[in-house]
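Participant:
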Amino acid sequence: MWVWKRRVKRNEPALLSSGRGVILTLDIPEEDILWSSFDEWHSILYRSPIVYDEAEWFEFEKKDFPKDEVEATWERLFDYDWLASRPADWKVDEKHEWWQGVTPRIR
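First residue of the sequence shown: 0, per numbering that gives the first Met the number 0; consecutive thereafter.
(1) Span of the alpha helix (DSSP H) holding residue 42?
(2) Rounded to the nearest angstrom, how far is the Cβ of residue 33 from that of residue 101, given a contact under 8 Å?
(3) Kindly list the residues whose CB is nearer than 8 Å to the CB of residue 77, restricted to its own chain and excluding five residues on each side of it in sequence; keep chain order.
(4) If I'm right that residue 37 touches residue 98 with Cβ under 8 Å, what's the distance once you round it to whole angstroms?
(5) At what residue ranges does the stretch 51 to 102 contain a whole run of the alpha helix (DSSP H), taking only runs of 4 or more?
(6) Are residue 68 and residue 48 touching if we call contact CB-CB under 9 Å?
(7) Using a 10 Å radius around the Cβ and a threshold of 16 neighbouring Cβ atoms, would you call residue 104 buried or exposed?
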């Protein structure tokens, strides 16, 4: 089950491209949620590296994006402090507006 740090709007276009959505209000212990950046999740979907800045991006580009090195950056998805330390143009959403989580169960 996917969860959000913020209160979402039902049928929000960015979250639900078709059909109707349902919002559940849940009380889940923090330790049962794995949080990640919604924006950076797309880097993985597009098989791109999660980089610190433009310079690191160009380094990957020079090497033609080696698969093993690209995949090694994906763990950064879960490191909020590292993501927040990047330059302004590369920084994650500090207000947690676009932080998604996943939980294995609802009790």
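All C-beta atoms, glycine included, are put in the ideal place defined by N, C-alpha and C.
Facilitator: Per the coordinate set shown:
(1) 37 to 44 is the extent of the alpha helix (DSSP H) around residue 42.
(2) 5 Å
(3) Closer than 8 Å at Cβ, skipping near neighbours: 33, 34, 35.
(4) 7 Å
(5) 53 to 61, 66 to 71, 79 to 83
(6) yes
(7) Residue burial is scored here from C-beta neighbours: residue 104 has fewer than 16 other C-beta atoms within 10 angstroms and is therefore classed as exposed.
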